[in-house]
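**Q** Quick note, the sequences are listed as chains A and B, same order.
Heads up: the first sequence is residues 19 to 323, going by this note's numbering.
Heads up: the second sequence is residues 373 to 646, going by this note's numbering.
Glycine residues also receive a C-beta, built at the ideal position from the N, C-alpha and C atoms.
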Amino acid sequence: MKRYIVHRLLQGVVLLFLVAAIVFFLGRLTGNPVDLMLPEGSPPEDRVAMTQALGLDGSLLHQFLIFIGNALHGDLGMSIRMREPTVDVFFSRLPNTLAIIPWAILFAVAVGIPLGVVAALNRGNIVDRAAGAVAVLGIATPSFWLGVVLIFVFSVQLGWLPSGRMGGPDHYVLPVITLGSFLIAGFMRLVRSSMLDVMGGEFVKLARIKGLSEAAVVWKHCLRNALIPVLTLWGVFVGNLITGAIVTETVFAWPGIGRLTYEAVIYRDFPLLQAIIILKAMLILSINLAVDILYAYVDPRIRLA
Amino acid sequence: MRRAPWIPICLISIMVCMALFAPLLAPYSPIDQALREKLIPPFWMEGGGMSHILGTDAFGRDVLSRLIYGARVSLLVALLALIAGGGVGLVIGIVAGYIGGALDNLLMRLVDAAFTFPAILFALLLAVTMGQGIGTLVIAISLLLWASFARVIRGEVLTLRQRDFVALAKVRGCSSLRIMLTHILPNVLNTFLVLVTLNIGVVIIAEASLSFLGAGIPPPTPTWGLMISEGRGRIADAWWVALIPGIAITLLVLSVNLFGDWLRDRLDPQLRQL
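1. Contact check, residue 678/B vs residue 462/B under 8 Å by CB: the rounded distance?
2. Using CA atoms only, rank isn't needed, just tell me which of 213/A, 98/A, 109/A is closest to residue 248/A.
3. Check for me: the alpha helix (DSSP H) holding residue 523/B runs from which residue to which?
4. To the nearest angstrom, how far is the alpha carbon of residue 434/B from that of residue 611/B?
5. Quick one: is residue 456/B near chain A, going by C-beta distance under 8 Å?
6. Given a threshold of 16 other Cβ atoms within 10 Å of its Cβ, counted over all protein chains shown, does residue 163/A qualify as buried or as exposed?
7. When the distance is taken between beta carbons, is residue 183/A closer than 8 Å to residue 282/A?
8. I want to verify the contact list: residues of chain B whose CB lies under 7 Å from the CB of residue 291/A, in sequence order.
9. Among the residues of its own chain, which have a CB less than 8 Å from the CB of residue 494/B, if the five just before and after it don't count?
10. Can you tell me which of the three DSSP states residue 428/B falls into?
11. Per DSSP, residue 96/A forms a beta bridge with which residues?
12. Can you check DSSP and say which residues form a bridge with residue 182/A?
13. So which residues on chain A does residue 581/B lean against when the C-beta distance must stay under 9 Å?
14. Can you check whether the CB of residue 26/A is closer than 8 Å to the CB of residue 307/A?
15. To the nearest angstrom, how far is it from the Cα of residue 269/A to the Cα of residue 165/A?
16. Tell me whether residue 597/B sits in a helix, a strand or coil according to DSSP, three-state version.
17. Do you know whose CA, among 40/A, 279/A, 97/A, 205/A, lies nearest residue 123/A's CA?
18. Report yes if the CB atom of residue 399/B is closer than 8 Å to the CB atom of residue 448/B, and no otherwise.
19. List the residues of chain B whose Cβ lies closer than 7 Å to the Cβ of residue 33/A, in chain order.
20. At the level of alpha carbons, what is the spacing between residue 65/A and residue 100/A?
21. Residue 149/A and residue 139/A - do their beta-carbons sit closer together than 8 Å?
22. Just checking my contact of residue 517/B with residue 468/B at CB under 8 Å: how many whole Å lie between their CB atoms?
23. Tell me, please, whether the CB atom of residue 492/B is closer than 8 Å to any CB atom in chain A?
24. Could you check whether residue 577/B and residue 169/A sit closer than 8 Å to each other, using their CB atoms as the reference points?
25. Please look up how many angstroms separate the CB atoms of residue 192/A and residue 221/A, rounded, as I've assumed it's under 8 Å.
26. Which stretch, first to last residue, makes up the alpha helix (DSSP H) that contains residue 542/B?
27. For the segment 603-614 of chain B, which residues have a beta carbon sitting closer than 7 Å to at least one beta carbon of chain C?
28. Mind checking which residues open and close the alpha helix (DSSP H) that includes residue 592/B?
29. Say whether chain B places a C-beta atom closer than 8 Å to the C-beta of residue 149/A.
30. Starting from residue 579/B, trace the alpha helix (DSSP H) both ways and give me its first and last residue.
31. Hey, does residue 571/B have any beta-carbon neighbour from chain A nearer than 8 Å?
32. Check each candidate in 581/B, 597/B, 625/B, 602/B and name the one with the smallest Cα separation from residue 263/A.
33. Less than 8 Å between the C-beta atoms of residue 130/A and residue 195/A, yes or no?
34. Is it true that the CB of residue 402/B sits closer than 8 Å to the CB of residue 441/B?
35. Give the DSSP-derived three-state secondary structure of residue 434/B in the structure shown.
36. Please check if any C-beta of chain B sits within less than 8 Å of the C-beta of residue 344/A.
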């Protein structure tokens, strides 16, 4: 078990290093990075000072080492627009994103999983087709547009819900639905196909022979086993949520790390964007690592493989 | 055998014609502003008329004309990104699957990494560092595609490699490169074609999302994502500017996906799980 954890940890460090290298070299690719890092019209002294601070008079490798060294000390540069350390900006916005993510997952689970189960139970008939149509339509609808439609219907036309910004519980409804929609179709399809695999199993027959009620067979015996593939794809879903948060928070003016990413792009705040990408990579890798380790504890087949 | 999906095929053809013949079809310029005619509603609403069938936006530009020209950008970017990203994935998949060993291991690790790390972040970074444009957009979207292509093609190559005709070619003294090109490649082209069709929708949505986030093709070139982005601020008094392009995206993506499902069932039923 220890070996497994160490192995995974090393893998994570290598990946993070790779991400940092890509971000760094992309920033250098386009000429003088000082142009990307300083606001327009900065005095020449600032340029000289920054050139020296970043070691830009040295070799590219030297610059990279300085960049990594600073990063290890928790310094990923200053945001151009906010004139604050990028790391501080990121962590001050992170809680706002974490405030909607659990609700979005809960919403996606509550809708996607039952839909998948019902579709599998009614394989081929009209219920399955209807559930399939929902999934197909869900995949074809761009989520940022879905957000705009929700605002149009529930805020503008009906006036039931606020159209954006943080606030009371009513402010959460539309962003949570939009963000959750990134996962629903995926959950549904996955649960449906793995339910179909599981339902033919011997243990399901046994459960029926034992005389268990149909509900117990389906929701307890089948679903529990059908959820395993959903859990193994956890990493992909975390990535989806990070992408989804950018779009959702942009549509609803939600002050989290997704909206921060959008702001970094439209204001061309390169140091901020660079820091956001590295910090998000760290976030994704640590969540995946935690889930994998938890998973290895639960299922010995994984840690022994 | 399922019937061919005629409605999606018609819709796709219409969109392709829109893209090809945009200058002939569009009643107005998609870029010229006419501030006196701004925010005219579509013809079925009060105040609308047949001169601007789908209304105008906040700068007085005809929504229908922008929609028609927007199809150009969407389809062109989709085509280029699928060639670039799909091509890279195809090569990596064949090489990893056929050569195997440490190289395969390394490449598949990269594929795993690409799956966990959201490609959109690199796409945004590219837009900021390289500047917005069609080239940047195509590279950015290719990053989103190659990994899934590589993974599926590799799986296919792993089984192909065990087949007798490959062993025979080896005995005859063919080089690895020759085997990959003349024996493996033609056998994975069906799968490749199915993957391409199944991913058109992914690419179109990615392009629209990047345009929406201000990292696509710069204004005033009309793209569907940009139209939604520009229109969402006026959603209260001019909903058509933001909602109509979204309907176009949904219809197009829905059509290509249904067409792709059908093609998959015809050409490569084993890919059902995708």
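**A** Let me lay it out:
1. As displayed, chain B neither begins before 373 nor continues past 646, which places residue 678/B out of reach and without an answer.
2. As a working mapping, residue 248/A is identified with position 230 in the first sequence. Here the closest residue by C-alpha is 213/A.
3. Within the second sequence, residue 523/B is the residue found at index 151, counting from 1. Per DSSP, residue 523/B belongs to the alpha helix (DSSP H) from 506-532.
4. Counting from 1 along the second sequence, the entry for residue 434/B is found at position 62. Counting from 1 along the second sequence, the entry for residue 611/B is found at position 239. If I take the Cα positions, the gap works out to 14 Å.
5. To locate residue 456/B, count along the second sequence from 1; it is residue 84. Cβ-Cβ to chain A under 8 Å: no for residue 456/B.
6. For this step, residue 163/A is matched to residue 145 along the first sequence. By the neighbour-count definition (other C-beta atoms within 10 Å, threshold 16), residue 163/A is a buried residue.
7. Taking the first sequence and counting its residues from 1, the one referred to as residue 282/A is at position 264. Taking the first sequence and counting its residues from 1, the one referred to as residue 183/A is at position 165. The beta carbons of residue 282/A and residue 183/A sit no closer together than 8 Å.
8. One-based indexing of the first sequence puts residue 291/A at position 273. Going along chain B in sequence order, the residues near residue 291/A (Cβ under 7 Å) are 496, 497, 500.
9. As a first step, residue 494/B must be located in the second sequence, where it is residue number 122. Shown here for residue 494/B: same chain residues with a beta carbon closer than 8 Å to its own, the five before and five after excluded, namely 512, 515 in chain order.
10. If you number the second sequence from 1, residue 428/B lands on position 56. Three-state DSSP puts residue 428/B in a strand.
11. Here the question's residue 96/A lines up with position 78 in the first sequence. Beta-bridge pairing links residue 96/A to 103/A.
12. For the purposes of this step, residue 182/A is taken as residue 164 along the first sequence, with counting starting at 1. In DSSP, residue 182/A forms no bridge with anything.
13. As a position in the second sequence, residue 581/B is number 209, starting the count at 1. Those are 160, 161, 162, 261, 264, 265, listed as they occur along chain A.
14. Sequence index remark: in the first sequence, residue 307/A carries index 289 (1-based). Sequence index remark: in the first sequence, residue 26/A carries index 8 (1-based). For the pair residue 307/A and residue 26/A, the CB atoms are nearer than the 8 Å cut-off.
15. For this step, residue 269/A is matched to residue 251 along the first sequence. For this step, residue 165/A is matched to residue 147 along the first sequence. Rounded to whole angstroms, residue 269/A to residue 165/A spans 6 Å at the Cα level.
16. Looking up residue 597/B in the second sequence gives position 225. Residue state for residue 597/B is assigned as helix, using DSSP reduced to three classes.
17. In the first sequence, counting from the first residue as 1, residue 123/A sits at position 105. Of the listed residues, the one whose Cα sits closest to residue 123/A is 205/A.
18. Translated into positions along the second sequence, residue 399/B becomes position 27. Translated into positions along the second sequence, residue 448/B becomes position 76. No, Cβ-Cβ distance for residue 399/B and residue 448/B is not below 8 Å.
19. Residue numbering aside, residue 33/A sits at position 15 when the first sequence is read from its first letter. Under the 7 Å cutoff, chain B gives 485.
20. As a position in the first sequence, residue 65/A is number 47, starting the count at 1. As a position in the first sequence, residue 100/A is number 82, starting the count at 1. About 18 Å.
21. Counted from its first residue, the first sequence places residue 139/A at position 121. Counted from its first residue, the first sequence places residue 149/A at position 131. No; because the gap between Cβ atoms is not below 8 Å, this pair is not in contact.
22. Walking along the second sequence from the start, residue 517/B turns up at place 145. Walking along the second sequence from the start, residue 468/B turns up at place 96. Taking C-beta atoms under 8 Å as the contact rule, residue 517/B and residue 468/B fail to qualify, at a distance of about 16 Å.
23. Along the second sequence, one-based indexing puts residue 492/B at 120. For residue 492/B, the answer is yes, since a Cβ of chain A falls inside 8 Å of its Cβ.
24. Stepping through the first sequence from its first residue, residue 169/A is reached at position 151. Stepping through the second sequence from its first residue, residue 577/B is reached at position 205. No, these two residues do not count as a Cβ contact at 8 Å.
25. Your numbering for residue 192/A matches position 174 in the first sequence. Your numbering for residue 221/A matches position 203 in the first sequence. Rounded to the nearest angstrom, the Cβ distance from residue 192/A to residue 221/A is 42 Å, too far for a contact under 8 Å.
26. The residue you call residue 542/B lines up with position 170 of the second sequence. First-last of the alpha helix (DSSP H) with residue 542/B: 536-543.
27. The structure shown contains no chain C; the protein chains it does contain are A and B.
28. Position 220 of the second sequence holds residue 592/B. Per DSSP, residue 592/B belongs to no alpha helix (DSSP H) and is neither H nor E.
29. One-based indexing of the first sequence puts residue 149/A at position 131. Chain B contact via Cβ: absent.
30. For this step, residue 579/B is matched to residue 207 along the second sequence. 557-584 is the span of the alpha helix (DSSP H), which, as asked, contains residue 579/B.
31. For the purposes of this step, residue 571/B is taken as the residue at position 199 of the second sequence. Residue 571/B does not count as touching chain A.
32. Sequence index remark: in the first sequence, residue 263/A carries index 245 (1-based). For residue 263/A, the nearest C-alpha among the options comes from 581/B.
33. As a working note, residue 130/A is residue 112 in the first sequence. As a working note, residue 195/A is residue 177 in the first sequence. No.
34. Position 69 of the second sequence, counted from the first residue, corresponds to residue 441/B. Position 30 of the second sequence, counted from the first residue, corresponds to residue 402/B. Closer than 8 Å, so yes.
35. Here residue 434/B refers to the residue found at position 62 when the second sequence is read from its first residue. Reduced to three states, the DSSP call for residue 434/B is strand.
36. Residue 344/A lies beyond the range of chain A shown here (19 to 323); nothing can be said about it.
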